[in-house]
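A short write-up of the structure that comes next.
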Amino acid sequence: MKGHILIVDDEKDMLTLLDRIISEDTHYKTVTESNPEKALEIFRGEDFDVVMTDLKMPGMSGISLMEKIRQIRSDVSVIILTAYATIETAVEATQKGANDYLTKPFRRERLLVTLDKAMKWQAVIRENKRLRDALEKKNDLSIIGSSVAMANVFNRIRQAAPTSGTVLITGPTGTGKELVARAVHQNSNRRSKKLVTINCTAILENMIESELFGHVKGAFTGAATDKKGLVEEAEGGTLFLDEIGDLKPGLQTSILRLLQEGEYRPVGSVITKKADLRFIAATNKNLEQAIRDNTFREDLFYRLNVIRLEIPPLKDRAEDIPLLSYHFLNKYCVLNGKQIKGIAPSAMQTLISKQFPGNVRELENIIERGIIFCTGDTLTLSDLGLSGPEESFMPELSRENENTLMRFKQAKEENIRLFHEHYIRALLKESHGNISKASELAGIQRQYLHRLMKESHIEANEFRTLSTMK
Ligand SMILES: Nc1ncnc2c1ncn2[C@@H]1O[C@H](COP(=O)(O)OP(=O)(O)OP(=O)(O)O)[C@@H](O)[C@H]1O
Ligand SMILES: [Mg+2]
Numbered sequence: 012m013k014g015h016i017l018i019v020d021d022e023k024d025m026l027t028l029l030d031r032i033i034s035e036d037t038h039y040k041t042v043t044e045s046n047p048e049k050a051l052e053i054f055r056g057e058d059f060d061v062v063m064t065d066l067k068m069p070g071m072s073g074i075s076l077m078e079k080i081r082q083i084r085s086d087v088s089v090i091i092l093t094a095y096a097t098i099e100t101a102v103e104a105t106q107k108g109a110n111d112y113l114t115k116p117f118r119r120e121r122l123l124v125t126l127d128k129a130m131k132w133q134a135v136i137r138e139n140k141r142l143r144d145a146l147e148k149k150n151d152l153s154i155i156g157s158s159v160a161m162a163n164v165f166n167r168i169r170q171a172a173p174t175s176g177t178v179l180i181t182g183p184t185g186t187g188k189e190l191v192a193r194a195v196h197q198n199s200n201r202r203s204k205k206l207v208t209i210n211c212t213a214i215l216e217n218m219i220e221s222e223l224f225g226h227v228k229g230a231f232t233g234a235a236t237d238k239k240g241l242v243e244e245a246e247g248g249t250l251f252l253d254e255i256g257d258l259k260p261g262l263q264t265s266i267l268r269l270l271q272e273g274e275y276r277p278v279g280s281v282i283t284k285k286a287d288l289r290f291i292a293a294t295n296k297n298l299e300q301a302i303r304d305n306t307f308r309e310d311l312f313y314r315l316n317v318i319r320l321e322i323p324p325l326k327d328r329a330e331d332i333p334l335l336s337y338h339f340l341n342k343y344c345v346l347n348g349k350q351i352k353g354i355a356p357s358a359m360q361t362l363i364s365k366q367f368p369g370n371v372r373e374l375e376n377i378i379e380r381g382i383i384f385c386t387g388d389t390l391t392l393s394d395l396g397l398s399g400p401e402e403s404f405m406p407e408l409s410r411e412n413e414n415t416l417m418r419f420k421q422a423k424e425e426n427i428r429l430f431h432e433h434y435i436r437a438l439l440k441e442s443h444g445n446i447s448k449a450s451e452l453a454g455i456q457r458q459y460l461h462r463l464m465k466e467s468h469i470e471a472n473e474f475r476t477l478s479t480m481k
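Take this note's numbering: the final residue in the sequence shown is number 481, and no numbers are missing along the way.
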C-alpha cells in the first residue's frame with residue numbers, strides 16, 4: 012500500500028526517530044515538521060493519508076492541529092503522540108476524533124501496528140467515498156455494475172427496450188434476470204403501463220387458461236362473475252414470463268398460441284380479444300438442452316429467442332463485487348437503522364476472491380447478515396461469517412465436497428437461526444416483552460425484530476409481566 016504520512020512534533024529527535032523507523036519498515040513516504048503552523052501549510056498543499064502529531068507543542072496543541080486539519084479534509088486519519096503521563100488527555104483526543112494514540116516511549120511494533128491500522132482505516136474511507144460517488148452516478152437502469160460484461164448487457168438493454176421484440180433473458184440463478192426484465196420495461200415506451208409477471212413454476216396446469224385469459228360468468232363451476240386474466244391486466248404493457256424453462260408441456264402450447272397469434276379468448280367466451288403486449292421471458296435453465304431432452308418446445312423457443320440477453324455469472328465479473336457490496340451495505344444499513352462506514356479491506360478481498368458459492372443474491376444475503384451481526388463501524392470478515400483467503404475452506408468444488416459444503420451451509424444456517432432465537436428471547440426477557448424497547452437494546456429497527464420474531468415463532472406475550480400488560 013502506498014501511503015503518505017505527515018509527522019508533527021516539536022522535539023526534533025522524536026521526528027528523526029519516527030522517520031527512521033517508518034522508512035526502514037514500510038514503503039510509506041513521510042514528511043516531518045516541528046512547527047504546527049507550518050505543518051498546517053504543508054497539509055494544505057499535499058494529499059496525506061495519516062497525520063501523526065504530538066499532543067503538547069508550543070503555539071498549537073495537537074488537538075487544535077487535528078481540528079484544523081479535519082476542517083480541510085475530514086477523512087484523514089490522525090494519530091496523537093503523547094507522553095505516558097498524559098494518557099487521559101490522549102483518551103480525550105480519541106473521543107474528540109483522533110483515530111488512535113501512541114504513548115511515548117513506544118515500542119517499534121506498536122508504532123507500526125498503529126500506523127498500519129490508521130492506513131487501513133484510511134483505505135476503507137477512500138474506497139467508501141469512491142464507491143459511494145460511483146453509486147451516485149448510478150446508470151439509468153438501476154442495475155449496479157461497472158464491468159465490461161455488464162456494460163455489454165446495459166447496451167443490449169438500451170437497444171432492445173424501445174423495440175417491440177420479444178426478449179429472452181438467460182443466466183444462472185441470482186444474477187439479476189428479474190431486474191433486467193424490469194429495466195427493459197422501464198426503458199420501453201410501455202413504461203406507463205403495467206409489467207405483469209407470471210411465474211411459470213407456480214402456475215397450475217389446469218388453471219392456466221383462466222389465469223392467463225380470464226373467464227366469463229358461468230364458464231365453470233365456481234365462476235360466479237366475469238374475471239380478467241393476467242393478459243388483459245397487462246394490456247398495453249409488458250407480460251413477463253419468469254422461469255419459462257419450468258413451464259409444463261401442456262402450457263407451452265397455450266403460450267405459443269398467444270405469442271404467435273396475439274389473440275386470446277377468455278374461458279367460456281365466444282369473443283376473441285386482441286392482445287397488445289410485449290413479451291419478456293427469463294430462465295436459469297439451458298433451453299437448448301431442454302429442447303434436446305424433449306422437455307421444451309423448439310417452436311416456442313424460437314418465438315421467444317428474438318432478442319437474447321445473457322447475464323453472466325458473478326465469477327465472470329468479479330470487478331462488480333465492490334460496487335455491489337457497497338450498494339447492499341447502503342441498502343441494509345438504512346433498512347436496519349445502522350451506521351457502518353465501510354467494508355474492511357481483508358473482507359472485501361475475500362468477497363472479491365469469491366469465497367462463497369452463488370451469485371448476486373448470495374452476496375446480498377451475506378452482506379445483509381453481516382450488517383445484522385456487525386457491532387463496529389466497519390464490516391469485517393468475521394461479521395460476514397467468511398474465513399480469510401489464507402484459511403479458505405473452499406477449494407475448487409468437486410462433487411464430493413459439494414455435499415459436505417451443503418451440510419456445512421445447512422449447519423451454519425441452523426446456527427444463525429438458533430442464535431437469532433436465543434438472542435431475541437433474551438432481549439424480550441430483558442424488555443418484559445416490549446418490542447420497541449427490545450429493538451432499541453439490539454440497535455435494530457422494530458419492523459426487523461418483528462420479522463425475526465415471526466420467523467422464529469416467538470410471541471411477545473410470553474415475556475410480558477403483569478406490570479407491562481397493564
Ligand atoms: N446488478 C445488480 N444490481 C443490484 N442488485 C442486483 C443486481 N443483480 C442482482 N441484484 C439483486 O440480487 C437479487 C437477485 O436478483 P434477481 O431476482 O433479479 O435474480 P434472478 O436472475 O432472477 O434469479 P433466479 O434465476 O433465481 O430467479 C435481487 O435482490 C436483486 O435486486
Ligand atoms: Mg428470477
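Don't be surprised by glycine CBs; every beta carbon is placed ideally from N, CA and C. From a predicted model like this one, the values you see are computed outputs, not experimental measurements.
- A direct Cα-to-Cα measurement between residue 286 and residue 230 gives close to 21 Å.
- Per DSSP, residue 29 has no beta-bridge partner at all.
- Fewer than three beta-carbon pairs drawn from the region 269-277 and the region 183-192 are found closer than 8 Å, and the two stretches are therefore not classed as touching.
- Around the beta carbon of residue 220, 16 or more other beta carbons lie within 10 angstroms, which makes this residue buried.
- According to the DSSP secondary-structure assignment, residue 63 is paired through a beta bridge with 18, 90.
- In the structure shown, residue 354 falls within a strand segment according to DSSP collapsed to helix, strand and coil.
- In this structure, the C-beta of residue 188 approaches ligand 2 to less than 8 Å from one of its heavy atoms.
- Inclusion of residue 254 in the 8 Å shell around ligand 2 follows from its C-beta lying nearer than that to a non-hydrogen atom of the ligand.
- Within the DSSP bridge table, the entry for residue 289 names 249 as partners.
- Each of 448, 447, 475, 435 was checked against the Cα of residue 469, and the nearest Cα belongs to 435.
- Ranked by how close their Cα comes to the Cα of residue 338, the residues 325, 378, 68 have 378 in first place.
- Judged by DSSP in its simplified three-state form, residue 362 adopts helix.
- For the pair residue 362 and residue 346, the CB atoms are not nearer than the 9 Å cut-off.
- Under a 10 Å Cβ-count criterion, residue 254 is classified as buried, with 16 or more other Cβ atoms of the shown protein chains found around its own Cβ.
- Counting only runs of at least 4 residues, the region 221-266 fully encloses the following alpha helix (DSSP H) elements, listed from N- to C-terminal order: 241-244.
- In this structure, residue 293 has its beta carbon less than 8 Å from a heavy atom of ligand 2.
- Beta-bridge annotation (DSSP): residue 320 is paired with 180.
- Bounds of any alpha helix (DSSP H) do not take in residue 209; it lies within the beta strand (DSSP E) bounded by 206-210.
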